[in-house]
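First the structure, in the form of structure tokens, and then the observations on it.
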Amino acid sequence: MESEGNSQGGARVITVSSGKGGVGKTTATANLGISLASLGNRVAVIDADIGLRNLDIIMGLENRIVYDLVDVVEGRSKLRQAMIKHKKFDDLFLIPAAQTRDKMAVSPEDMTRVTEELREDFDYILIDSPAGIERGFRNALEPADEVLIVTNPEVSAVRDADRIVGLIEAAEKGPGRLIINRLKTDLVRKGEMLSSDDVYDILGLAIIGIIPEDEAVLSASNSGIPVALNMNSQAGMAFSHVARRIMGEDVPFMNLDGNPGIFRRLMRLFDGR
Amino acid sequence: MSIIKSLFGRRRQGSGATAKNRLRFVLQHDRIHLPPERMEEMKREILAVIAKYLVVDQDRVEIDLEQRDRRQSKLVAEVPFSGQQPAASASDARLPAMSTDSAENP
Ligand SMILES: Nc1ncnc2c1ncn2[C@@H]1O[C@H](COP(=O)(O)OP(=O)(O)OP(=O)(O)O)[C@@H](O)[C@H]1O
Ligand SMILES: [Mg+2]
Numbered sequence: 012m013e014s015e016g017n018s019q020g021g022a023r024v025i026t027v028s029s030g031k032g033g034v035g036k037t038t039a040t041a042n043l044g045i046s047l048a049s050l051g052n053r054v055a056v057i058d059a060d061i062g063l064r065n066l067d068i069i070m071g072l073e074n075r076i077v078y079d080l081v082d083v084v085e086g087r088s089k090l091r092q093a094m095i096k097h098k099k100f101d102d103l104f105l106i107p108a109a110q111t112r113d114k115m116a117v118s119p120e121d122m123t124r125v126t127e128e129l130r131e132d133f134d135y136i137l138i139d140s141p142a143g144i145e146r147g148f149r150n151a152l153e154p155a156d157e158v159l160i161v162t163n164p165e166v167s168a169v170r171d172a173d174r175i176v177g178l179i180e181a182a183e184k185g186p187g188r189l190i191i192n193r194l195k196t197d198l199v200r201k202g203e204m205l206s207s208d209d210v211y212d213i214l215g216l217a218i219i220g221i222i223p224e225d226e227a228v229l230s231a232s233n234s235g236i237p238v239a240l241n242m243n244s245q246a247g248m249a250f251s252h253v254a255r256r257i258m259g260e261d262v263p264f265m266n267l268d269g270n271p272g273i274f275r276r277l278m279r280l281f282d283g284r
Numbered sequence: 004m005s006i007i008k009s010l011f012g013r014r015r016q017g018s019g020a021t022a023k024n025r026l027r028f029v030l031q032h033d034r035i036h037l038p039p040e041r042m043e044e045m046k047r048e049i050l051a052v053i054a055k056y057l058v059v060d061q062d063r064v065e066i067d068l069e070q071r072d073r074r075q076s077k078l079v080a081e082v083p084f085s086g087q088q089p090a091a092s093a094s095d096a097r098l099p100a101m102s103t104d105s106a107e108n109p
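As they're listed, the protein sequences go chains A and B.
The working numbering applies: residue 12 is where the first sequence begins, and numbers increase by one.
The working numbering applies: residue 4 is where the second sequence begins, and numbers increase by one.
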């Protein structure tokens with residue numbers, strides 16, 4: 012219940028949510044965890060999708076799990092025992108979700124207790140929220156200092172994002188920043204997909220990242236090596252930019268919309284904007 | 004200027020533009036929890052009330068929902084009329100007392 016801990020010292024708690032399922036929350040959480048760690052931060056990532064554990068597999072840590080979040084909450088394990096260190100980064104840890112339980116096994120207060128215990132030892136705590144607007148989302152939202160909302164440039168995903176933004180604002184955790192994932196440059200250029208500007212116009216939220224559709228994301232999930240470790244991938248690059256923006260750096264956006272930058276700037280001139 | 008614009012400006016004819024318009028529409032109603040059909044009903048009622056007193060030019064009526072952001076919506080109405088409704092005595096056109104305190108955005 013207590014909404015203390017608005018980053019008074021210690022880690023910033025960032026929840027990754029979306030409303031609609033399958034838009035890339037887990038992918039984003041894993042890659043931001045990796046990127047923030049590779050930039051020298053101490054990072055804990057928590058899989059709050061109880062019953063549908065996935066973050067472990069995307070991060071390539073699935074065969075190291077002994078205890079999970081529900082074990083911690085129900086007192087079968089100490090928090091430290093459930094934390095899995097990443098193979099590549101000594102300061103990156105995963106707290107996996109339980110695979111066999113449901114969302115009711117964890118309460119919002121449990122989440123706050125867990126993050127409070129972690130805060131002083133970390134710079135960032137990332138929480139991978141389940142889809143939907145029910146208990147699992149409430150759990151992920153409760154301890155958040157900031158919420159990142161992942162959406163795809165697609166009607167139903169944007170609509171659900173708007174719904175989530177309303178709930179985030181009602182919980183006084185708002186307004187949140189937006190990650191537009193799976194943008195298809197060629198389609199936007201042809202006018203056959205919402206552009207990042209369109210999504211911005213509609214949702215009125217600050218955009219913290221635009222991630223292109225990238226086949227490397229699929230191979231990354233096959234291999235358990237997130238794209239953020241592969242700087243040849245556009246998506247990997249885009250995620251590392253998001254990480255730097257989270258850290259407060261002013262990183263220019265890659266030109267992914269295929270909106271010819273020069274013409275656009277010219278138009279602004281003509282428009283007197 | 005407009006030539007340059009039409010040459011280089013964003014061509015928004017594709018389904019992307021349709022998506023944007025549809026989203027705008029649906030979110031307007033999502034945000035105020037008033038579905039489109041209910042909205043139309045409300046407009047009809049408003050007009051019916053006005054028509055008791057004034058001769059409304061029905062074809063040029065525009066009642067639209069405007070939204071600056073998620074929290075601020077307003078109803079903007081343009082209701083052209085050509086004069087007073089003849090002999091509509093205030094007594095038989097009286098409205099039932101209403102106690103709505105113009106809750107614009109619940
Ligand atoms: N930028 C991208 N390019 C290509 N594929 C992507 C991209 N981002 C995500 N995907 C794919 O989309 C699918 C869903 O991603 P992910 O599991 O991260 O979504 P989610 O929001 O966590 O889903 P859920 O709501 O089920 O938890 C995965 O197969 C993933 O590989
Ligand atoms: Mg997921």
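Glycine included, every Cβ here is placed at the ideal spot set by N, Cα and C.
By the three-class DSSP mapping on this structure, what secondary structure does Arg23 (chain A) have? strand
Measure from the alpha carbon of Asp148 (chain B) to the alpha carbon of each residue in B:Arg74, B:Gln75, B:Val82, B:Gln16, then state which is nearest. What the structure shows of chain B is the stretch from 4 to 109, and residue 148 (chain B) is not part of that stretch, so it cannot be assessed.
Reduced DSSP secondary structure (H/G/I, E/B, other) of Asp102 (chain A): DSSP places Asp102 (chain A) in coil when its eight states are reduced to three.
Residue nearest to Arg170 (chain A) in terms of C-alpha spacing, selected from B:Leu30, B:Asn24, B:Gly19: B:Leu30
Buried or exposed: Gln245 (chain A), going by 16 or more other Cβ atoms within 10 Å of its Cβ? So Gln245 (chain A) ends up on the buried side.
Does ligand 1 have a heavy atom nearer than 8 Å to the CB of Pro107 (chain A)? no
Could you work out which residue in A:Ala59, A:Val77, A:Phe100 is closest to Thr26 (chain A) when comparing CA atoms only? A:Ala59
DSSP state of Leu57 (chain B), grouped into three classes? strand
If I measure Cβ to Cβ from Glu18 (chain B) and keep anything under 6 Å in the same chain, skipping five residues before and after, which residues do I get? It is worth fixing the name first, because residue 18 (chain B) is Ser in this sequence and not Glu. So the list is empty, once near-sequence residues are dropped.
What is the rounded straight-line gap between the Cα of Asp132 (chain A) and the Cα of Leu178 (chain A)? If I take the Cα positions, the gap works out to 30 Å.
Tell me the DSSP secondary structure of Ala80 (chain B) in three-state form. Strand, per DSSP.
Flag Ile160 (chain A) as yes if its beta-carbon sits less than 9 Å from any beta-carbon of chain B, otherwise no. no
I need the straight-line Cα distance from Ala108 (chain A) to Phe264 (chain A), nearest angstrom please. 33 Å
Considering just the uninterrupted stretch of the beta strand (DSSP E) at Ile218 (chain A), what are its terminal residues? 218-223
Please classify Met115 (chain A) as buried or exposed, where buried requires at least 16 neighbouring CB atoms within 10 angstroms. exposed
Does the structure place the region 41-59 of chain B close enough to the region 213-233 of chain A that three or more beta carbon pairs sit under 8 Å? The answer is no - the region 41-59 of chain B does not touch the region 213-233 of chain A, with fewer than three Cβ pairs under 8 Å.
Are any of the Cβ atoms in chain D nearer than 9 Å to that of Val82 (chain B)? The structure shown contains no chain D; its protein chains are A and B.
Beta-carbon spacing of Leu159 (chain A), Arg188 (chain A) below 9 Å: Yes.
So what's Val1 (chain A) in DSSP terms, helix, strand or just coil? With chain A covering 12 to 284 only, the question about residue 1 (chain A) has no answer from this structure.
So, with DSSP's three-state summary, where would you put Ile213 (chain A)? helix
What is the DSSP secondary structure of Arg188 (chain A), reduced to helix, strand or coil? strand
Quick one: complete beta strand (DSSP E) runs, 3+ long, within the region 40-101 of chain A? Listed in chain order, the complete beta strand (DSSP E) runs (minimum 3 residues) inside the region 40-101 of chain A are 54-58.
If distances are taken between C-alpha atoms only, which option among A:Asn163, A:Glu203, A:Ile175, A:Lys89 comes closest to Pro223 (chain A)? A:Asn163
Do the region 189-208 of chain A and the region 48-63 of chain A make contact, defined as three or more Cβ pairs closer than 8 Å? Counting Cβ pairs under 8 Å, fewer than three are found: no touch.
Can you pull the chain A neighbours of Val29 (chain B), defined as C-beta to C-beta under 7 Å? Arg170
For Tyr56 (chain B), count neighbouring C-beta atoms within 10 Å of its own C-beta (all shown protein chains included) and say buried if the count is 16 or more, exposed if not. exposed
Got a sec: which bits of the region 41-68 of chain B sit with their beta carbon under 8 Å from any beta carbon on chain A, in order along the chain? Cβ contacts with chain A come from no residue of the region 41-68 of chain B.
Are the C-beta atoms of Leu205 (chain A) and some chain B residue less than 9 Å apart? Interface residue, yes.
Would you say the region 254-263 of chain A touches the region 87-102 of chain A, given that touching needs at least three Cβ pairs under 8 Å? Segments in contact, no.
What does Lys23 (chain B) reach in chain A if we use C-beta pairs closer than 8 Å? Those are Leu205, Asp209, Asp212, Ile213, listed as they occur along chain A.
Which residues does DSSP pair with Leu198 (chain A) in a beta bridge? None, per the DSSP bridge assignment.
Can Asn74 (chain A) be considered in contact with ligand 1, in the sense that its beta carbon sits closer than 8 Å to one or more heavy atoms? Between ligand 1 and the CB of Asn74 (chain A), the shortest heavy atom gap is not smaller than 8 Å.
If contact is defined by three or more beta carbon pairs under 8 Å, each pair taking one atom from either stretch, is the region 239-254 of chain A in contact with the region 41-50 of chain A? With a cut-off of 8 Å, the region 239-254 of chain A and the region 41-50 of chain A count as touching, because enough Cβ pairs lie within range.
Using the Cβ count rule (16 or more neighbours within 10 Å means buried), how would you classify Gly33 (chain A)? Under this definition Gly33 (chain A) is an exposed residue.
Start and end residues, alpha helix (DSSP H) containing Leu129 (chain A): 119-130
My output table needs one value for Phe250 (chain A): the three-state DSSP class, helix, strand or coil. helix
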